[in-house]
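There are 2 protein chains.
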Amino acid sequence: MFSIGELSRRTKVKVPTIRYYEEMGLLAEAERTSGNQRRYDKAGLERLSFIRHARDLGFSIEAILSLIELQDHPDRSCETATDIAVSQLSDVREKIKRLKLLEKELTRISKGCDGLGVSEDCYVLASLADHEHCENEH
Amino acid sequence: MFSIGELSRRTKVKVPTIRYYEEMGLLAEAERTSGNQRRYDKAGLERLSFIRHARDLGFSIEAILSLIELQDHPDRSCETATDIAVSQLSDVREKIKRLKLLEKELTRISKGCDGLGVSEDCYVLASLADHEHCENEH
DNA sequence: TCTTGAACCTCTAGTCACTAGAGATTGTAG
DNA sequence: CTACAATCTCTAGTGACTAGAGGTTCAAGA
Ligand SMILES: [Zn+2]
Ligand SMILES: [Zn+2]
Ligand SMILES: [Zn+2]
Ligand SMILES: [Zn+2]
Chain A
1 MFSIGELSRR TKVKVPTIRY YEEMGLLAEA ERTSGNQRRY DKAGLERLSF
51 IRHARDLGFS IEAILSLIEL QDHPDRSCET ATDIAVSQLS DVREKIKRLK
101 LLEKELTRIS KGCDGLGVSE DCYVLASLAD HEHCENEH
Chain B
1001 MFSIGELSRR TKVKVPTIRY YEEMGLLAEA ERTSGNQRRY DKAGLERLSF
1051 IRHARDLGFS IEAILSLIEL QDHPDRSCET ATDIAVSQLS DVREKIKRLK
1101 LLEKELTRIS KGCDGLGVSE DCYVLASLAD HEHCENEH
């Protein structure tokens, strides 16, 4: 049994974040000492590691809630898990696509001005003022 | 002179968002009718288009505030504008880098399970439980 | 056993860029 | 003149935390 601080150190999840996850129902309510402090065991550590890893991969709290629900029922079909992973993947791909378009425009915009001129003639400002300068929709 | 609804239609920025931008100081306080409704002119339209375009490119409100400040002083050096654009570009590149790592892992994870099995044996859940399955840091 | 101070507790509020809704007032077409 | 869509202000909610106030508990050293 160890404290919330120790759990934090082991998982690299900040203490207030751990309490937040408990509030959100991601972590079961921890056992408490007689003085009302949280105590965790190996199961708590593993669950939080799972959450941490899923968050690092960009899954939402809501998605993680479903995944944990599933994890707690080993006999259920894992279809939902795959669905969630696939949908997360397509979200990520969408974001990459969008960011690549932005990268293109921002590269052009940045290159267009050396920062030595005056606001009035600035290519950055002109480009922002008029989307016609852009090569793509974004 | 046109109403906030008309401005909204022309810029594709929602009415409450326009009011929000005014509140944040991005838009000058609009003129008002005797009945207190906002009225805009060409200048207002252009400014909002600028804001919209910058937001589409991912600039923060704070960054846009600096850019607008600069735009209002045509004689100033445009160094800040380039700095902001360059920093935005590097933000975008960072994000792309990170998302590509996620894409890799998520592809592997998604492929590892067809959703036909049972939670206990699910590769998706196992991968989330243990970062050791991963090929990269993320 | 006592003391000190780091770690813990709860609660509220702030972040960013909006979005939603309530309840009241205004503008405008028929 | 009447309807009613559009506008107004104000408050609160979103997601995933983060910060801070003010109070309590734990554990190590004297
Ligand atoms: Zn410039
Ligand atoms: Zn553009
Ligand atoms: Zn599976
Ligand atoms: Zn991993």
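Taken in order, these protein sequences are the chains called A and B.
Okay, so the first sequence: first residue is 1 according to the numbering used here, each after it adds one.
Okay, so the second sequence: first residue is 1001 according to the numbering used here, each after it adds one.
Virtual Cβ for every residue (Gly too), placed ideally from N, Cα, C.
Consult DSSP for residue i and reduce its assignment to one of helix, strand or coil.
i: glutamate 1103(B); result: helix
i: valine 15(A); result: helix
i: phenylalanine 1059(B); result: coil
i: glutamate 1023(B); result: helix
i: arginine 1029(B); result: Here the sequence assigns glutamate to residue 1029(B), which means arginine is not the residue at that position. Coil.
Under DSSP, the alpha helix (DSSP H) around residue i begins and ends at which residues?
i: glutamate 1137(B); result: Note, glutamate 1137(B): premise wrong, no alpha helix (DSSP H); not H, not E.
i: serine 77(A); result: First-last for serine 77(A): undefined, no H or E at that position.
i: serine 127(A); result: 123-129
Hey, residue i and residue j: beta-carbon distance below 7 Å or not?
i: leucine 1101(B); j: asparagine 1136(B); result: yes
i: methionine 1024(B); j: isoleucine 1068(B); result: no
i: leucine 1027(B); j: tyrosine 1021(B); result: yes
i: cysteine 122(A); j: cysteine 1134(B); result: no
i: isoleucine 1004(B); j: valine 1013(B); result: no
i: valine 1092(B); j: leucine 99(A); result: yes
i: serine 119(A); j: arginine 1076(B); result: yes
i: aspartate 1056(B); j: histidine 138(A); result: yes
Going by Cα to Cα distance, which pick from the options is closest to residue i?
i: isoleucine 1109(B); options: Asp83(A), Ser34(A), Ile4(A), Leu70(A); result: Asp83(A)
i: histidine 131(A); options: His1131(B), Ser1119(B), Ile1051(B); result: Ile1051(B)
i: cysteine 54(A); options: Thr107(A), Glu120(A), Ala81(A); result: What sits at residue 54(A) in the sequence shown is alanine, not cysteine. Of the listed residues, the one whose Cα sits closest to alanine 54(A) is Ala81(A).
i: threonine 1011(B); options: His1133(B), Glu1079(B), Gly1044(B), Leu1125(B); result: Gly1044(B)
i: proline 74(A); options: Asp1075(B), His1138(B), Leu1099(B), Leu1125(B); result: Leu1125(B)
i: arginine 39(A); options: Leu57(A), Ile18(A), Gly58(A); result: Ile18(A)
i: glutamate 1048(B); options: Leu1007(B), Ser1087(B), Arg1098(B); result: Before going further, note that residue 1048(B) is leucine rather than glutamate in the sequence given. Closest option to leucine 1048(B), Cα to Cα, is Leu1007(B).
i: alanine 1129(B); options: Ala63(A), Thr33(A), Gln71(A); result: Gln71(A)
i: threonine 1033(B); options: Glu1046(B), Phe1002(B), Gly1112(B), Phe1059(B); result: Phe1002(B)
i: histidine 1104(B); options: Asp1114(B), Leu1116(B), Gly1115(B), Ser1127(B); result: Just to set this straight, residue 1104(B) is lysine in the shown sequence, not histidine. When only C-alpha atoms are compared, the closest one is Ser1127(B).
i: leucine 106(A); options: Glu1031(B), Glu1029(B), Glu1046(B), Phe1059(B); result: Phe1059(B)
In the region 112-128 of chain A, which residues sit with their C-beta less than 8 Å from some C-beta in chain B, listed in chain order? Cys113, Asp114, Gly115, Leu116, Gly117, Val118, Ser119, Glu120, Asp121, Cys122, Val124, Leu125, Leu128
Below 7 Å between beta carbons is the criterion; list the residues of the region 1003-1019 of chain B that meet it against any residue of chain A, in chain order. none
Anything in the region 1057-1082 of chain B with a Cβ closer than 7 Å to a Cβ of chain A? List those residues in chain order, please. Leu1057, Gly1058, Leu1067, Leu1070, Gln1071, His1073, Pro1074, Asp1075, Arg1076, Ser1077, Cys1078, Glu1079, Ala1081, Thr1082
Note down, in chain order, all residues in the region 88-101 of chain A with a beta-carbon under 7 Å from any beta-carbon belonging to chain B. Across the region 88-101 of chain A, CB contacts with chain B closer than 7 Å involve Gln88, Leu89, Val92, Arg93, Lys95, Ile96, Leu99, Lys100, in sequence order along the chain.
Positions along the region 36-57 of chain A whose CB lies within less than 8 Å of some CB in chain B: Glu46, Ser49, Phe50, His53, Ala54, Asp56, Leu57
Using a Cβ-Cβ cut-off of less than 8 Å, give me the residues of the region 1024-1036 of chain B that come near chain A, in sequence order. none
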